[in-house]
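Enquirer: Heads up: the protein sequence lines correspond to chains Y and B, in order. All residue numbers for the first sequence refer to UniProt numbering, where the first residue is 1 and numbers rise by one. All residue numbers for the second sequence refer to UniProt numbering, where the first residue is 1 and numbers rise by one. Glycine included, every Cβ here is placed at the ideal spot set by N, Cα and C. Mind looking over this structure? Questions follow.
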Amino acid sequence: MNDMTLTKEQREARLEGMGCKRKRVEDIRFTQGRGNYVDDVKLPGMLHGDFVRSPHPHARIRSINKDAALKVPGVLAVLTADDLKGVNLAWMPTLAGDVQMVLADGKVLFQNQEVAFVVATDRYAADDGVNAVEVDYEPLPVLVDPFKSMDADAPVLREDLEGKMTGAHGPRKHHNHIFEWTVGDRDLTDAAFRKAEVTIKEMISYHRTHPSPLETCQSVCSFDKIKGELTIWGTFQAPHVIRTVVALISKIPEHKIHVIAPDIGGGFGNKVGAYPGYICSAVASIVTGRPVKWVEDRIENLTSTSFARDYHMTTEIAATKEGKVTGLRVHVLADHGAFDACADPSKWPAGFFNIVTGSYDFPTAHLAVDGVYTNKAPGGVAYRCSFRVTEAAYCIERGMDILAQKLGMDPAELRLKNFVRPEQFPYQSALGWEYDSGDYHTAMRKAMETVQYEDLRKEQAAKREAFRRGETREIMGVGISFFTEIVGAGPSKNCDILGIAMFDSCEIRLHPTGAGIARVGSKSQGQGHETTWAQIIATELGIPADDIMVEEGNTDTAPYGLGTYGSRSTPVAGAAIAMAARKIRAKAQMIAAYLLEVHEGDLEFDIDGFRVKGLPERFKSMKEICWAAYNSIPPGMEPGLEAVSYYDPPNMTYPFGAYICVMDIDVDTGVYKVRRFYALDDCGTRINPMIIEGQVHGGLTEAFAIAMGQEIRYDDNGNVVTGSLMDFFLPTAVETPHWETDFTVTPSPHHPIGAKGVGESPNVGGVPAFSNAVNDAFSFLGSTHIQMPHDFWRNWQAAKTLGALG
Amino acid sequence: MIPGAFNYHCPSTVADAVALLSSLGDEARPLAGGHSLIPMMKLRLATPEHLIDLHGIASLKGIRQEADRLVIGAMTTQHELLASPEVSAAFPILKETALLIADPQVRYRGTLGGNVVNGDPGNDMPALMMTLHASYRLEGPDGVRDVAASDFYQGAYFTALEPGELLTAITIPFTASGHGYAYEKLKRKVGDYATAAAAVMLTMANGKVESCSIGLTNLSDTPLLAEAAADAVIGTGLDDDTLKKASERAQEIMSPAADARGPVEYRKHVGGIMVMRALKRAAARAA
Numbered sequence: 001m002n003d004m005t006l007t008k009e010q011r012e013a014r015l016e017g018m019g020c021k022r023k024r025v026e027d028i029r030f031t032q033g034r035g036n037y038v039d040d041v042k043l044p045g046m047l048h049g050d051f052v053r054s055p056h057p058h059a060r061i062r063s064i065n066k067d068a069a070l071k072v073p074g075v076l077a078v079l080t081a082d083d084l085k086g087v088n089l090a091w092m093p094t095l096a097g098d099v100q101m102v103l104a105d106g107k108v109l110f111q112n113q114e115v116a117f118v119v120a121t122d123r124y125a126a127d128d129g130v131n132a133v134e135v136d137y138e139p140l141p142v143l144v145d146p147f148k149s150m151d152a153d154a155p156v157l158r159e160d161l162e163g164k165m166t167g168a169h170g171p172r173k174h175h176n177h178i179f180e181w182t183v184g185d186r187d188l189t190d191a192a193f194r195k196a197e198v199t200i201k202e203m204i205s206y207h208r209t210h211p212s213p214l215e216t217c218q219s220v221c222s223f224d225k226i227k228g229e230l231t232i233w234g235t236f237q238a239p240h241v242i243r244t245v246v247a248l249i250s251k252i253p254e255h256k257i258h259v260i261a262p263d264i265g266g267g268f269g270n271k272v273g274a275y276p277g278y279i280c281s282a283v284a285s286i287v288t289g290r291p292v293k294w295v296e297d298r299i300e301n302l303t304s305t306s307f308a309r310d311y312h313m314t315t316e317i318a319a320t321k322e323g324k325v326t327g328l329r330v331h332v333l334a335d336h337g338a339f340d341a342c343a344d345p346s347k348w349p350a351g352f353f354n355i356v357t358g359s360y361d362f363p364t365a366h367l368a369v370d371g372v373y374t375n376k377a378p379g380g381v382a383y384r385c386s387f388r389v390t391e392a393a394y395c396i397e398r399g400m401d402i403l404a405q406k407l408g409m410d411p412a413e414l415r416l417k418n419f420v421r422p423e424q425f426p427y428q429s430a431l432g433w434e435y436d437s438g439d440y441h442t443a444m445r446k447a448m449e450t451v452q453y454e455d456l457r458k459e460q461a462a463k464r465e466a467f468r469r470g471e472t473r474e475i476m477g478v479g480i481s482f483f484t485e486i487v488g489a490g491p492s493k494n495c496d497i498l499g500i501a502m503f504d505s506c507e508i509r510l511h512p513t514g515a516g517i518a519r520v521g522s523k524s525q526g527q528g529h530e531t532t533w534a535q536i537i538a539t540e541l542g543i544p545a546d547d548i549m550v551e552e553g554n555t556d557t558a559p560y561g562l563g564t565y566g567s568r569s570t571p572v573a574g575a576a577i578a579m580a581a582r583k584i585r586a587k588a589q590m591i592a593a594y595l596l597e598v599h600e601g602d603l604e605f606d607i608d609g610f611r612v613k614g615l616p617e618r619f620k621s622m623k624e625i626c627w628a629a630y631n632s633i634p635p636g637m638e639p640g641l642e643a644v645s646y647y648d649p650p651n652m653t654y655p656f657g658a659y660i661c662v663m664d665i666d667v668d669t670g671v672y673k674v675r676r677f678y679a680l681d682d683c684g685t686r687i688n689p690m691i692i693e694g695q696v697h698g699g700l701t702e703a704f705a706i707a708m709g710q711e712i713r714y715d716d717n718g719n720v721v722t723g724s725l726m727d728f729f730l731p732t733a734v735e736t737p738h739w740e741t742d743f744t745v746t747p748s749p750h751h752p753i754g755a756k757g758v759g760e761s762p763n764v765g766g767v768p769a770f771s772n773a774v775n776d777a778f779s780f781l782g783s784t785h786i787q788m789p790h791d792f793w794r795n796w797q798a799a800k801t802l803g804a805l806g
Numbered sequence: 001m002i003p004g005a006f007n008y009h010c011p012s013t014v015a016d017a018v019a020l021l022s023s024l025g026d027e028a029r030p031l032a033g034g035h036s037l038i039p040m041m042k043l044r045l046a047t048p049e050h051l052i053d054l055h056g057i058a059s060l061k062g063i064r065q066e067a068d069r070l071v072i073g074a075m076t077t078q079h080e081l082l083a084s085p086e087v088s089a090a091f092p093i094l095k096e097t098a099l100l101i102a103d104p105q106v107r108y109r110g111t112l113g114g115n116v117v118n119g120d121p122g123n124d125m126p127a128l129m130m131t132l133h134a135s136y137r138l139e140g141p142d143g144v145r146d147v148a149a150s151d152f153y154q155g156a157y158f159t160a161l162e163p164g165e166l167l168t169a170i171t172i173p174f175t176a177s178g179h180g181y182a183y184e185k186l187k188r189k190v191g192d193y194a195t196a197a198a199a200v201m202l203t204m205a206n207g208k209v210e211s212c213s214i215g216l217t218n219l220s221d222t223p224l225l226a227e228a229a230a231d232a233v234i235g236t237g238l239d240d241d242t243l244k245k246a247s248e249r250a251q252e253i254m255s256p257a258a259d260a261r262g263p264v265e266y267r268k269h270v271g272g273i274m275v276m277r278a279l280k281r282a283a284a285r286a287a
């Protein structure tokens, strides 16, 4: 189809390739209620499972009596840990090298822990059965405060680890200690602090929160006794990993396990790990011979499936009087709850927290992380985050503001003074990473110019004077965040999940008429892969994106992939897609050469086909080449036009951004208003600017929620008090500020299309921008650091503590 | 989040509903909008054996004028209140308050009767009804009686409603034209109960407050009428000292619980601020 009547621009536009604001193809079904989610799976004879959960945060189980439950009409089975022991599944391995109870084995360790699984003919009968199970508990002393977890007299939580003083990540110091992880040069760092002209030290907490996707975690398991095959439909961000884990723990051969992740209603890290519901629905299907569905409710999701954050970061920065940073020392106390169910690459017990030097050229740094157990729900997942990068960015961005305050220097100026310079890339950080590319100064200056930063500071100074004179009760804060992300886990040299390297994959088949299908090892939960993956192929192969169907989530058909989380899809799967497309293009070039009777070296790729160099009229379109691939192939060549690529990235990608938040706070009520929020993101090559903008809007909204009120909170007795959306802050459109987005483009030098990840950047960079705005607002009253979340009453409390209430 | 089994009844007259309530006793609950009862049933914190759905009773609907008062059927939804020209004209504060209740979806279903009769201290309408000197028409096996809103609330979820009785209508006496009004509600987000809220109705004459009534929401285990606070502003021009005094008088009767909205001290503090802001806004609106 060498349509010479079309201009170059028209031919490019027709492809809707990279750079095009292509509308999301998946939205046609989502906006019409035609998505297919796990709860839409309905199979003949399907049963329903539901959990008996512990009201106690820490208790011994004296007995479980199932008799009354088994008499409830419709109840077929009640599973307890003793039943699961028969199939060696009372406990399951976690991604962090720990083990976790599937059902409470002898004791419970957090409120709402799974104690028994009731299986019934319908959802109502299952719940009636749950209410009829009698559990006799003996309450035990409760450990809530992580800072008390390693006290000599702290209660022993994990009796199963008694006497084991070595864990998955080295020695344990205490019965509630999980690991200590250290990075960097301690001696050099200590020396930098000894010599420092100025130092700051602050305990900066990033509170416990939860990814809270719209769709909760759920599964339908169906075991076919005749074939010995298990099919699992589930809310899985990484379906292939689930298949391998099931094979490893169930003894069912991996080829007889079919994992299907259909449409997923948001994941944000919540759907990476394995949960008791998945295991119990599988076991229940094997026991009953019927399909079993398990669907979590909102309370269960918030209180038992993986939380995020809960990092308490003692942060020290050394600097010169002029504000040049000379050393960073961070100690983290990491509260992992009852089991270490962190979803990090296996060798990284604190994820990529060692990105904590951020965007700054620290000559030396040292980091130590202590993980501890408490009587709280397990987890520690990357909530819209690349493995503890959110915590690291918050730590350093708050730390830099505190340093600026101490130096009496503008926080933007301090940042500009310490940024890694463009000519330093690829940049080796003091804590071991090689930043691929960046131009921080340009991004920061663009942000400052756009918001008219100098004017904001003048306005703030005037408002502060007016406040002091008693003319206003409103204070103003300007929050800056300049983050560097590390995404695209990851290179096989340092990233694996349970021993499987963190590559990703793509298989592309082009059909004779020039349309095709791409199957990818990633799994969209709303990111829009069906749209963007086709755009990469469109540009690489010159086939309109509309002619490419993208399929993910079925382990029988998709090539093995490590899934979607940590903004890894574009850096890893996106690269695999480009590489698979290039294999096809290479073969297409040979076919075109044969058809045009020239040497393939005489051809050049031109938007949607190959052209003979210097002879523009001699052209074969990709559509013609596809047809030829099935009927007139060169002698000796195999027919067909397809390729598979497994991509092992050589490095991570390092997106960055400059965010500025302007906030006003009424000190009398603590009510804040986000007056302005400007977000500049640099994620390298931009595949679909509209989808990037959507990602930034979503991530900023979550960042806003987290910084300004979203938390999972426990009372002193270990009761979780934020178990519903009444108290767990999920902002609506009314509360959500207006977002201004902007960008610079610094391509990744090692990625085939120069792209970096973006989905998580706004969450990573957003939280410090909000928190810095609040802290900046209060700083003139004498505070250095106010802990998140900054909800109304805490803002009021800060004002009161600082004597601002008169 | 799955309710237990229950029997469903859908009577078409008040008499039938009252008869069902009387004969089924404690195990029966009337169902209006269901926004409180159904979540409680899903959590199995409420396990009624019988639900008596009131949606089939036509006489419980509608807004009408009776002499010097407006009579609102108990099953009138918040949305219908908002859409009613009579309500907007006579009681703009009702509209202002209804708009601060949850969100449009909830207001399509939630009823005024359900809101006031449930005895939930977080609900917005009870304090407003006290402020407006409204009364509740209760029909039971022994006949009909009217109870003043200010006499109705006894504790959280405890009210003057007797077993077998049904709230059928809310009657509100018309107020002086040219009155000032305001409902100030501090909440964390759309859909939340008030951290603190204050309703003010007042009239002004020659720049001074002539009459005033102040109600408080979610600042105790019942809605409150802040009479001493209201008395404090009579005859004043609402200067700063008076506002402060009214706020303090109101705070004296507040006894909120500490919850995720904040500690007791904060909720009382902002309760006082809501009173001051409502007074100022109401005065600005008065003729």
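Since Lys61(B) is in the alpha helix (DSSP H), which residue starts that stretch and which ends it?
Expert: No alpha helix (DSSP H) holds Lys61(B); DSSP gives it neither H nor E.
Enquirer: Locate the alpha helix (DSSP H) running through Gln535(Y), then write down its first and last residues.
Expert: First-last of the alpha helix (DSSP H) with Gln535(Y): His529 to Leu541.
Enquirer: Do three or more CB pairs link the stretch 256 to 271 of chain Y to the stretch 77 to 95 of chain Y at distances below 8 Å?
Expert: No, the stretch 256 to 271 of chain Y is not in contact with the stretch 77 to 95 of chain Y.
Enquirer: For chain Y, is any of its Cβ atoms less than 8 Å away from the one on Pro30(B)?
Expert: For Pro30(B), the answer is no, since every Cβ of chain Y falls outside 8 Å of its Cβ.
Enquirer: Can you check whether the CB of Gly499(Y) is closer than 8 Å to the CB of Pro559(Y)?
Expert: Contact flag unset, no.
Enquirer: Which partner residues of Asn763(Y) appear in the DSSP bridge assignment?
Expert: Beta-bridge pairing links Asn763(Y) to no other residue.
Enquirer: What is the residue span of the alpha helix (DSSP H) that Ala593(Y) lies within?
Expert: Where Ala593(Y) is concerned, the enclosing alpha helix (DSSP H) stretches over Ala575 to Leu596.
Enquirer: Determine the extent of the beta strand (DSSP E) in which Val451(Y) is found, giving its start and end residues.
Expert: Where Val451(Y) is concerned, there is no enclosing beta strand (DSSP E), although the alpha helix (DSSP H) it sits in stretches over Tyr440 to Val451.
Enquirer: Figure out for me which residue from Met476(Y), Ala152(Y), Lys324(Y) and Glu642(Y) has the closest Cα to the Cα of Lys673(Y).
Expert: Checking every option, the nearest Cα to that of Lys673(Y) belongs to Met476(Y).
Enquirer: Where does Phe30(Y) land, buried or exposed, given buried means 16+ other C-beta within 10 angstroms?
Expert: That one is exposed.
Enquirer: Can you tell me the Cα-Cα spacing of Ser247(B) and Leu224(B), whole angstroms?
Expert: Taking the straight line joining both Cα atoms gives about 14 Å.
Enquirer: Pick out whichever of Leu367(Y), Pro378(Y), Glu551(Y) and Asp455(Y) has its Cα sitting closest to the Cα of Asp190(Y).
Expert: Residue Leu367(Y) is the option with its Cα nearest to Asp190(Y).
Enquirer: Hey, out of Leu143(Y), Val671(Y), Tyr678(Y) and Thr357(Y), whose CA is closest to Lys187(B)'s CA?
Expert: It is Val671(Y).
Enquirer: If we ignore side chains and look at the alpha-carbon of each, how far apart do Tyr440(Y) and Ala534(Y) end up?
Expert: Tyr440(Y) and Ala534(Y): Cα-Cα distance of roughly 31 Å.
Enquirer: In terms of DSSP beta bridges, what is Asn494(Y) paired with?
Expert: In the DSSP output, where bridge partners are listed per residue, Asn494(Y) has none listed.
Enquirer: Short of 7 Å in beta carbon distance, which residues of its chain neighbour Thr450(Y), apart from the five on each side in sequence? Order them along the chain.
Expert: Correct list, in chain order: Tyr678 and Asp742.
Enquirer: Which same chain residues, not among the five before or five after Glu740(Y), have their C-beta less than 6 Å away from its C-beta?
Expert: The residues are Tyr678.
Enquirer: Can a CB atom of chain Y be found closer than 8 Å to the CB of Pro11(B)?
Expert: Cβ-Cβ to chain Y under 8 Å: no for Pro11(B).
Enquirer: Give me the Cβ distance between Arg309(Y) and Glu391(Y), rounded to the nearest whole Å; I'm assuming they're in contact under 8 Å.
Expert: Their Cβ separation, rounded to whole angstroms, is 6 Å, which keeps Arg309(Y) and Glu391(Y) in contact under 8 Å.
Enquirer: Locate the beta strand (DSSP E) running through Glu507(Y), then write down its first and last residues.
Expert: Note, Glu507(Y): beta strand (DSSP E), Asp504 to Leu510.
Enquirer: If you reduce the DSSP assignment to three classes, tell me which class Gly806(Y) lands in.
Expert: Residue state, collapsed to three classes: coil.
Enquirer: Does the stretch 622 to 637 of chain Y come close enough to the stretch 582 to 594 of chain Y that 3 or more CB-CB pairs lie under 8 Å?
Expert: Touching, per the Cβ criterion.
Enquirer: Could you tell me which uninterrupted beta strand (DSSP E) segments, each at least 3 residues in length, are contained entirely in the stretch 629 to 715 of chain Y, listed from first to last along the chain?
Expert: List check, beta strand (DSSP E) in window: 642 to 647, 656 to 666 and 672 to 682.
Enquirer: For Leu94(B) and Ser88(B), I'd like the C-alpha separation in whole angstroms.
Expert: Going from the Cα of Leu94(B) to the Cα of Ser88(B) covers about 7 Å.
Enquirer: In whole angstroms, give me the CA-to-CA distance for Ile543(Y) and Glu9(Y).
Expert: Their backbone Cα atoms lie some 15 Å apart in a straight line.
Enquirer: Please name the residue or residues paired with Gln65(B) in a DSSP beta bridge.
Expert: Gln65(B) pairs with Leu70(B).
Enquirer: Are the C-beta of Asp715(Y) and some C-beta of chain A separated by less than 8 Å?
Expert: Among the protein chains of the structure shown, namely Y and B, there is no chain A.
Enquirer: From Met1(Y) to Arg519(Y), what does the alpha carbon distance come to, in whole angstroms?
Expert: Note that Met1(Y) scores 45 on pLDDT, short of 50, meaning its location in the model is unreliable and no value can be drawn from it.
Enquirer: What first and last residue would you give for the beta strand (DSSP E) that runs through Thr231(Y)?
Expert: Element bounds for Thr231(Y): Glu229 to Gly234.
Enquirer: Which class does Lys42(B) belong to by DSSP, given the choice of helix, strand or coil?
Expert: Residue state, collapsed to three classes: helix.
Enquirer: Is the beta carbon of Met637(Y) closer than 8 Å to that of Leu541(Y)?
Expert: Against a cut-off of 8 Å, the Cβ pair of Met637(Y) and Leu541(Y) comes out as no contact.
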